[in-house]
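Trainee:
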Amino acid sequence: MKFLNFPFENDKENLNFLSKLNENSSIKNDLTYFTERYDEYHRARGCVLYINGMVGLDIARERINALYKSKNKHLDYINSMRVKFTGKCCVMCGAILSTQVDHFLPQGHFPEFSILSANLIPVCKCNQKKKNFTVGCSADEILLHPRYEKKLSKRIIKAKIRDHNNNVTIEINFVTPRDLKRKEQFEFHFKKIVDVELLKTMIIEKFNEMKCSPGSVVYSLAEPNLSKNELKSILFSHLKSLDKKHKSQNNWESVFIHALLERKTLNWIWRKLSVPNRKHDAPL
Ligand SMILES: [Zn+2]
Numbered sequence: 044m045k046f047l048n049f050p051f052e053n054d055k056e057n058l059n060f061l062s063k064l065n066e067n068s069s070i071k072n073d074l075t076y077f078t079e080r081y082d083e084y085h086r087a088r089g090c091v092l093y094i095n096g097m098v099g100l101d102i103a104r105e106r107i108n109a110l111y112k113s114k115n116k117h118l119d120y121i122n123s124m125r126v127k128f129t130g131k132c133c134v135m136c137g138a139i140l141s142t143q144v145d146h147f148l149p150q151g152h153f154p155e156f157s158i159l160s161a162n163l164i165p166v167c168k169c170n171q172k173k174k175n176f177t178v179g180c181s182a183d184e185i186l187l188h189p190r191y192e193k194k195l196s197k198r199i200i201k202a203k204i205r206d207h208n209n210n211v212t213i214e215i216n217f218v219t220p221r222d223l224k225r226k227e228q229f230e231f232h233f234k235k236i237v238d239v240e241l242l243k244t245m246i247i248e249k250f251n252e253m254k255c256s257p258g259s260v261v262y263s264l265a266e267p268n269l270s271k272n273e274l275k276s277i278l279f280s281h282l283k284s285l286d287k288k289h290k291s292q293n294n295w296e297s298v299f300i301h302a303l304l305e306r307k308t309l310n311w312i313w314r315k316l317s318v319p320n321r322k323h324d325a326p327l
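Our numbering puts the first residue of the sequence shown at 44, with every later residue one more than the last.
Listed below in structure tokens is the structure:
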């Protein structure tokens, strides 16, 4: 989950240029209508409830759809986005697994927005959970648009680690920041999109790695004789650097480090680090 602060393209100019190519005469005929729809998309902040379709203009819509897959240099921004965000934080769920560019409003339902930069988002395989869904039966059942919803980057996903010694268990919680409005929509987005079991598995793996080698999380954790405040400070600095690197507090690397700072887990780590005569980077 992340607000995608990535520049919009000059979509109207691009579309105007592309419509002048011979094969795109169907777009040229309806260019004004298309650009009006683009304006409407921005006004509605990508919310499907406030966007009219382009029923009746199917030839032009399909032509735009086909352009998405074309190699036209005026569409290089699509591939650039794919390259830039591969392996980075998924804007929909927070996993560090972004692999593809997806359409927020599904291409099958809204082909007219196939190449609209506002509708393009870098995501991971969670797009298989989203599929063609953007809105449910009630006003609270609506997915949040990463291009418009800044608060997607606030710390919302939190984890607790328990049973630290053996058979580690994880509890994942959705926690609303105090100043968050439309709490229900954020909660719905979390439940619909975030793969909680995958997140739990990732945290267990990272925690077990840390138990074998504390320095694998942050090198300075390998030091013997850290005070509790030093431990807290090291983890907190690392958390801040990850939040900054991913430009979101809901990236899954931060979720893990934040879980280490939770009171019971921090106490457990400190007790293990404080064993007398502990050697450099010895297992916990
Ligand atoms: Zn994802």
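Every residue, glycine too, gets a C-beta built ideally from N, C-alpha and C.
Taking three-plus beta-carbon pairs below 8 angstroms as touching, is the segment 54 to 73 in contact with the segment 203 to 219?
Mentor: No, because fewer than three Cβ pairs between the segment 54 to 73 and the segment 203 to 219 fall closer than 8 angstroms, the two stretches do not touch.
Trainee: Any chance the segment 150 to 159 sits against the segment 184 to 192, with 3 or more Cβ pairs inside 8 angstroms?
Mentor: Cβ pair count under 8 angstroms is below three, so no.
Trainee: For D222 and A265, which I take to be in contact (beta-carbon distance under 8 angstroms), what is that distance rounded to the nearest angstrom?
Mentor: D222 to A265, Cβ: 38 angstroms. No contact.
Trainee: Per the contact definition of three or more C-beta pairs closer than 8 angstroms, is the segment 137 to 151 in contact with the segment 168 to 184?
Mentor: Cβ pair count under 8 angstroms is three or more, so yes.
Trainee: Which runs of the beta strand (DSSP E) spanning at least 3 residues fall entirely within the segment 158 to 239, listed in chain order?
Mentor: Counting whole runs of 3 or more residues, the segment 158 to 239 contains the beta strand (DSSP E) stretches 163 to 166, 200 to 205 and 212 to 217.
Trainee: Within 10 Å of its beta-carbon, does R80 have 16 or more other beta-carbons around it, so buried, or fewer, so exposed?
Mentor: Label assigned to R80: buried.
Trainee: Just the residues with CB closer than 6 angstroms to a heavy atom of ligand 1, in chain order, which are they?
Mentor: Any residue whose Cβ sits closer than 6 angstroms to a heavy atom of ligand 1 makes the list: C133, M135, C136, A138, V166, C167 and C169.
Trainee: Taking the alpha-carbon of L47 as reference, which of K131, L61, N209 and D73 has the nearest alpha-carbon?
Mentor: Closest by alpha carbon: K131.
Trainee: Using a Cβ-Cβ cut-off of 7 angstroms (strictly less than) and excluding sequence neighbours within five positions of G258, which residues of its own chain qualify?
Mentor: Around G258: L264, A265 and D324.
Trainee: Got a sec, what are the start and stop residues for the alpha helix (DSSP H) V144 sits in?
Mentor: Counting along the chain, V144 falls outside any alpha helix (DSSP H), though it belongs to the beta strand (DSSP E) covering Q143 to H146.
Trainee: Please report the distance separating the alpha-carbon of L241 from that of S62.
Mentor: Those two C-alpha atoms are separated by around 44 angstroms.
Trainee: For the alpha helix (DSSP H) containing A138, name the first residue and the last one.
Mentor: Premise fails: A138 is in no alpha helix (DSSP H) and is neither H nor E.
Trainee: What do you get for A109, buried or exposed, if any count of 16 or more other CB atoms within 10 angstroms of its CB means buried?
Mentor: Classification of A109: exposed, given that the 10 Å Cβ count is below 16.
Trainee: For the alpha helix (DSSP H) that contains F60, what are its first and last residues?
Mentor: Element bounds for F60: D54 to S62.
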